[in-house]
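Report on the following structure.
Numbering (the numbering used here), first residue to last: 7 to 401.
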């Protein structure tokens, strides 16, 4: 049996090969992350008598750069394991490396891990979960971008029309956005007829707002304490940024339709939990990936970074403190936010939350506790692939 270690990088990967006795086979090899480079790897393996049936290949889970190589090797029938770089670092301290080629040292260390079998495997989720993860993370990026643009608009409004936020319950609602896209400064509003503003607000709000609100806007604009210089430039900037918000809104809406379609393909029952909608369910199931890599709910809690590290001092060990936040930020966000919805809609979680509050816990502490309890339910639903039951059957 041969043991092949591959040190993953963005442009070129390094390869190290060991036999059953730990002897290095050939010299370290470097190949590019291209079709031509992949052919070079297969040729090099073939020259020393290595094929899919007599070798074990190991590679580090470095970013996303290992995915393409993993995909092509497994398609050809090679047995490939993906290991955590932390394990490579730990093994480096005890491994004896004879090769003089510095660039290949990590590759031979990974090969040694394969030979001794002292590693835990990074499980690959199926294709539908990988696609869903890509979509949910893309949505997360778009929402962050939209929030940033809204904050920029708010900052400009605070300069040119500081009274404006008090005129609307949501300055990014349909009626307000329509007004901002047409006449965002007090001077522009003052020049516009009240009847025109009223019709604009009426149409955009579908009849909820109208002439009364228009008169209020007009009167407020006349006495605004906003700055009186560079208003043309600031007006232009607000109008463009409102267009950008509208564009991002459409992007997010289209993306959420695609996410809903992808979630359906996974066959998960997470949406059966009251309060968990498409976005939360998609993020949770895609970030967890293959649930079979977790043997108990506490491992998912740690993976999400919601575990509380123990504090040790002498002979004392305490567990009070903040979350470690060392895991997946998207998963942690989805679980915490979902917990806040679930405790509103589901009596079981609401009762647990209320008991935490009654004990004097802060809202966020109680919310985090609900999130950890929610993980237990999610774990069972994913493991057993069944809908949520408020009162599960006795087993």
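Don't be surprised by glycine CBs; every beta carbon is placed ideally from N, CA and C.
As assigned by DSSP and simplified to three states, the class of residue i
{"i": "residue 215", "result": "coil"}
{"i": "residue 14", "result": "coil"}
{"i": "residue 65", "result": "strand"}
{"i": "residue 22", "result": "strand"}
{"i": "residue 374", "result": "helix"}
{"i": "residue 394", "result": "coil"}
{"i": "residue 44", "result": "helix"}
{"i": "residue 379", "result": "helix"}
{"i": "residue 253", "result": "helix"}
{"i": "residue 73", "result": "helix"}
{"i": "residue 155", "result": "helix"}
{"i": "residue 414", "result": "In this structure the chain extends from 7 to 401, so residue 414 is not present and cannot be described."}
{"i": "residue 9", "result": "strand"}
Member of the options whose CA lies at the smallest distance from the CA of residue i
{"i": "residue 119", "options": "144, 139, 90", "result": "90"}
{"i": "residue 71", "options": "159, 17, 110, 26", "result": "17"}
{"i": "residue 303", "options": "231, 388, 57", "result": "388"}
{"i": "residue 245", "options": "159, 222, 307, 199", "result": "159"}
{"i": "residue 141", "options": "299, 20, 260, 8", "result": "260"}
{"i": "residue 172", "options": "197, 144, 230, 143", "result": "230"}
{"i": "residue 356", "options": "280, 334, 138", "result": "280"}
{"i": "residue 61", "options": "77, 46, 82", "result": "82"}
{"i": "residue 46", "options": "26, 75, 24", "result": "75"}
{"i": "residue 148", "options": "298, 379, 254", "result": "254"}
{"i": "residue 115", "options": "78, 213, 79, 22", "result": "22"}
{"i": "residue 175", "options": "267, 344, 215", "result": "215"}
{"i": "residue 10", "options": "68, 41, 79, 296", "result": "79"}
Exposed unless 16 or more other CB atoms sit within 10 angstroms - verdict on residue i
{"i": "residue 1", "result": "Lying outside 7 to 401, the shown extent of the chain, residue 1 is not represented and no answer is given."}
{"i": "residue 353", "result": "exposed"}
{"i": "residue 350", "result": "exposed"}
{"i": "residue 7", "result": "exposed"}
{"i": "residue 363", "result": "exposed"}
{"i": "residue 66", "result": "buried"}
{"i": "residue 236", "result": "exposed"}
Strand pairing of residue i, partner residues [DSSP]
{"i": "residue 36", "result": "20"}
{"i": "residue 30", "result": "24"}
Between the region 275-284 and the region 376-396, do at least 3 Cβ pairs fall closer than 8 Å? yes
Three or more C-beta pairs closer than 8 Å, one from the region 375-388 and one from the region 277-294: is that the case here? yes
Quick check: the region 138-157 against the region 179-190, are at least 3 beta-carbon pairs closer than 8 Å? Counting Cβ pairs under 8 Å, fewer than three are found: no touch.
Would you check if the region 239-255 and the region 188-206 touch, i.e. whether three or more CB-CB distances between them fall below 8 Å? yes
Are three or more beta carbon pairs between the region 50-61 and the region 19-36 nearer than 8 Å? yes
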